[in-house]
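Before any comments, here is the structure.
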Amino acid sequence: MLAYIIRRIWQMLPTLLGVVLLVFLLFNWVGGDPAYVLAGKISNPDQIDNIRRQLGVDQPYYIQLGIFLKQIVTADFGSSWSTNEKVSHILATRLGPSMTVLLPLLFLETIVAIALALAVAYVRGSLTDRMVMIICTVGLSVSILVYIIVFQYVFAYKFGWFPVQGWGNDVWENLWKYSALPILILLVVSIAPNLRLYRTFVLDEINQDYVRTARAKGVGENRIMWVHVLRNASIPMITHVMAALPGLLIGAFLVERFFSIPGIGREVILAVERSDFPVIKALTVYVAIATMVVNLLADLMYKAVDPRVQLK
Amino acid sequence: MTDLTLSAVHAKRREIAHTVSPGLWTLAWRRLRRDRVAMVSLAIVAAFLLLMVLSALNLVAGDWAREVGINYAPPSFLEPDAAPATPGATSTPNQQSVVPEAAVPTAATPGSAFNSTVVDPIGDVLAELKGEPPAAAGAEAAAASTIVDPLADVMKEIEAARNPPPGVEGKSVDPLADVMKEIQSGKGGAPTAAVEAKRATLPFGADKWGRDVIAKTIKGSETSIFVGLAAALVATLIGTVLGALAGYYGGAVDDALNWFYNVFSSIPYLLLILAVAAVLQQKGTMTIVLILGLTGWTGAFRLIRAEYMKHKGREYVQAADAIGASNTRRMFRHIFPNVSHVVLVQMSILVVAFIKSEVILSFLGFGVPVDVVSWGSMLNEAQNELILGKWWQLAAAGGAMAVLVTAFSLFTDALRDALDPKLRGAEG
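Chains A and B, in that order, give the protein sequences. Quick note on numbering: the first sequence equals residues 1 to 312 in the numbering used here. Quick note on numbering: the second sequence equals residues 313 to 740 in the numbering used here.
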């Protein structure tokens, strides 16, 4: 097990190096001289020269790459070009709000989608099943922007059930008051595609022989669905939950912007608006690392769920 | 080039088709024809494409930028004529939100006593301010106006008269900042159209400057659908070529390209798009096609690579090798026609995904330039309009997109089932 984890982490390194190269290429080569970007923000030429020296853009590319690598390892990306806030501080303070939205969402979304999928697959072919599938297909086609705009207007603005936007300092207040509507919206948006997919996973299992055997032995329907079928259907589900994480992130990006939640997504959008390269660079690299770690966790979870899986 | 090879293969097939069984595409088309859902969605998609082409040729919605209606003219099915016609029957929630709107045409005329109708920007301010109070004060104001319409008109008159001064000078609070923006943007587009007689209602309403929402939606579809199609083409092309190389050659080539794939797929999609958008400073339709195409090829790569790995050992490829066909020829002349259905399905999945992405990007302001209308930029405008109770632009852009995407997804599903039932569920 430990050997497997170590080997996987070892295998991550080339990919990570690729991400670093890609980001470096984008921002230091395609992006051109940062002095041009900065020139719009700072008018003093001495200051720009100073910054250029600080960033090392007057150095050859391999030294610049070295600087970038050092920045990643030490987590010291300097300060934001726009607000002068330390990039490491930005990362540390924006992570909490994002997680406040993402973690409950991931939890709720998985539970609700699985429960609905089991229920819908159980009554497969019925009118309920077909209606739910039609609603999912149509719901999938409406832009996430429309959901956010309409929900925010109706539930927060018109009915006043939730605050229109805002964020506090207290974790519980944030969770119950400010994240409730964003989570609800993302839940609605992400249920439709997942339900459709999970239903096919369950359907693949529901006609297997072991289900018939269990039924013949007199096992209750609830136990059949929740224990026997779910256990077998959960392998592709885990793959999908993990694969869908970046998608959740997109939704979270937008929701953070609409509801002024001071999270990673809002920071990325702000940084792109302001051409704040250090912030985007740092966020891209670290989010990519996080994605890789999550993928590793997914593989480890297979083993936990299904002992037959051999980790190689 | 791919088309050429395809048609060449078809031609060859057709020669012997008289005696032998029909080919993959004929069979698939037959299966598709029998699927009623597929045919209906195909018709809808075709209609959208037709509208898009007509709009690109300036035959339809060419004058979308003309301000044919008054500012925020409501859809005609809500208010058949000017406001006094329907004072009593305002009980549905829909119309409640529109009631303040009803006051605009009538109130604007006396308002001209102090300079409003001719100079557009201020007319804008008036409309804006009239929309604001009920929104801010909640349902009460709207309810009050439903019962006694004339009085409400007077009230609004007073409010309007009272409010403009701070609207012109102050800018500390949010709503006023909006008004300021309104004035500035109004200056840009309005003066030329001030002379024309403007209609109080339009078939599906008008936007902030009185432009027909239907024409605008059609014009917006031109951008959104074009970006979706073109970016899908670029992404599928990259994914197919790289996937073919990786799957066919295997070994070091495969390792290198797989590494490339891992790098791209380990950065969350939107983050990658935003990073590229941040770097490419100039905005434009082609830029966004490039961004989406260069970042979105990974799914196609994975599938095509698997297909090529499967096919490269087959007998017909060995036979091609035996008659001396080069690697390139084997890859694209022999194998490609046999995996082209995967490519087609993948492309059609990507079109939907890219239309959605374009809308999000343009909404955030990283997409098409400001002077180009797309569904995303329409949604962006509609976001602020909704608070004023003007929901029709949101409905038009959101609805058009939902219909197209539904039809396209259903068609893609049917296409996948018709071409290769085994592929079902392969790609979420």
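Where a beta carbon is used, it is the ideal one built from N, C-alpha and C, also for glycine. Please read these numbers as outputs of a predicted model, since none were measured by experiment.
Under 8 angstroms by beta carbon: chain A residues contacting residue i
i        : result
B:Trp571 : Pro14, Thr15, Gly18
B:Leu706 : Val146, Ile149, Val150
B:Ile672 : Ser143, Ile144, Leu145, Ile250, Leu254
Simplified DSSP state of residue i, which is helix, strand or coil
i        : result
B:Lys702 : coil
A:Ala75  : coil
B:Asp683 : coil
B:Asp524 : strand
B:Ala634 : helix
A:Lys281 : helix
A:Cys158 : One detail in the question is off: residue 158 of chain A reads as Lys in this sequence, not Cys. Here A:Lys158 sits in helix by DSSP.
B:Lys531 : helix
A:Lys177 : helix
A:Arg94  : helix
B:Lys622 : helix
A:Lys86  : strand
8 angstroms Cβ cutoff, residue i in contact with chain B
i        : result
A:Ser80  : no
A:Thr110 : no
A:Thr284 : yes
A:Tyr61  : no
A:Ile224 : no
A:Tyr157 : yes
A:Val227 : no
Closer than 8 angstroms to chain A by CB, residue i
i        : result
B:Ala502 : Reliability of the predicted coordinates at B:Ala502 is poor, the pLDDT of 43 falling under 50, and the value obtained from them is presented with this limitation in mind. Not closer than 8 angstroms to any Cβ of chain A, the Cβ of B:Ala502 fails to qualify, so no.
B:Thr610 : no
B:Gln658 : no
B:Met310 : Within the shown structure, residues of chain B are numbered from 313 to 740, placing residue 310 of chain B beyond reach of any answer.
B:Thr529 : no
B:Gln695 : yes
B:Gly710 : yes
B:Ile699 : yes
B:Thr718 : yes
B:Leu602 : no
Per-residue contacts from residue i into chain A (C-beta, under 7 angstroms)
i        : result
B:Ala668 : Going by the sequence as given, residue 668 of chain B is Lys instead of Ala. Those within 7 angstroms of B:Lys668 in chain A are Ser143.
Chain-ordered chain B contacts of residue i [CB-CB under 8 angstroms]
i        : result
A:Met292 : Ser578
A:Ile313 : The structure shown does not extend to residue 313 of chain A, since chain A is modelled only from 1 through 312, so no value can be given for it.
A:Leu184 : The premise fails here: A:Leu184 is roughly 18 angstroms from chain B at the closest Cβ pair, so nothing lies under 8 angstroms.
A:Leu26  : Ala587, Val588, Val591
A:Tyr153 : Leu698, Ile699
A:Ile206 : None at all; the shortest Cβ gap to chain B is about 15 angstroms.
Neighbouring residues, chain A, relative to residue i (Cβ below 9 angstroms)
i        : result
B:Ser721 : Thr137, Leu140, Ser141
B:Leu691 : Ser143, Leu145, Val146, Ile149
Neighbouring residues, chain B, relative to residue i (Cβ below 7 angstroms)
i        : result
A:Arg22  : As written in the sequence, residue 22 of chain A is Leu, which differs from the Arg given in the question. Correct list: Val575.
A:Val272 : Leu586, Ala589, Ala590, Phe678
A:Ala288 : Ser578, Ile579
A:Val30  : Val591
Under 9 angstroms by beta carbon: chain B residues contacting residue i
i        : result
A:Ile280 : Leu583, Leu586, Ala587, Ala590, Val591
Just to confirm the assignment: which complete alpha helix (DSSP H) runs, minimum length 4, are found wholly within the region 114-145 of chain A? Entirely contained in the region 114-145 of chain A, the alpha helix (DSSP H) runs reaching 4 residues are, in chain order, 127-141.
Note to self: Three or more C-beta pairs under 8 angstroms: does that hold for the region 13-21 of chain A against the region 297-306 of chain A?
What the structure shows: Flag = no, the region 13-21 of chain A and the region 297-306 of chain A do not touch.
Next item on the list: Would you be able to state if there are at least three C-beta pairs under 8 angstroms between the region 263-272 of chain A and the region 548-564 of chain B?
Entry: No contact exists between the region 548-564 of chain B and the region 263-272 of chain A.
* Where are the alpha helix (DSSP H) runs, 4 residues long or more, that stay fully inside the region 200-269 of chain A, in chain order? -> Here the runs fully enclosed are 209-217, 230-258.
Exercise. Within the region 642-681 of chain B, note down every full alpha helix (DSSP H) run reaching 4 residues or more, in order along the chain.
Key: Entirely contained in the region 642-681 of chain B, the alpha helix (DSSP H) runs reaching 4 residues are, in chain order, 648-676.
Quick test of the definition: if touching needs 3 or more C-beta pairs under 8 angstroms, does the region 569-589 of chain B touch the region 625-632 of chain B? With the cut-off at 8 angstroms, the region 569-589 of chain B and the region 625-632 of chain B do not touch.
- Query: Would you say the region 187-194 of chain A touches the region 138-149 of chain A, given that touching needs at least three Cβ pairs under 8 angstroms?
  - Reply: By the Cβ rule, the region 187-194 of chain A counts as touching the region 138-149 of chain A, because three or more pairs are nearer than 8 angstroms.
Check your understanding: Per the contact definition of three or more C-beta pairs closer than 8 angstroms, is the region 144-161 of chain A in contact with the region 96-106 of chain A?
Key -> Fewer than three Cβ pairs drawn from the region 96-106 of chain A and the region 144-161 of chain A lie within less than 8 angstroms of each other, which leaves the two stretches out of contact.
Contact between the region 696-705 of chain B and the region 611-622 of chain B (3+ Cβ pairs under 8 angstroms) = Remark: fewer than three beta-carbon pairs, one from each stretch, lie closer than 8 angstroms, so the region 696-705 of chain B and the region 611-622 of chain B are not flagged as touching.
Quick test of the definition: if touching needs 3 or more C-beta pairs under 8 angstroms, does the region 520-528 of chain B touch the region 648-656 of chain B? Between the region 520-528 of chain B and the region 648-656 of chain B there are fewer than three C-beta pairs closer than 8 angstroms, too few to call the two in contact.
field: Sufficient close CB pairs (3 or more, under 8 angstroms) joining the region 345-365 of chain B to the region 714-728 of chain B
entry: Pairwise C-beta distances place the region 345-365 of chain B in contact with the region 714-728 of chain B, as three or more of them are shorter than 8 angstroms.
Decide yes or no for the touch test of the region 249-260 of chain A against the region 218-226 of chain A: beta carbon pairs closer than 8 angstroms, at least 3 of them.
In short, these stretches do not touch, since the Cβ pair count stays below three.
*State whether the region 588-607 of chain B contacts the region 271-285 of chain A, with contact taken as three or more CB pairs (one from each stretch) at a distance under 8 angstroms.*
They touch, by the three-pair rule.
Is the region 108-125 of chain A close to the region 175-190 of chain A, with three or more CB pairs under 8 angstroms?
-> With a cut-off of 8 angstroms on Cβ pairs, the region 108-125 of chain A is in contact with the region 175-190 of chain A, counting three or more such pairs.
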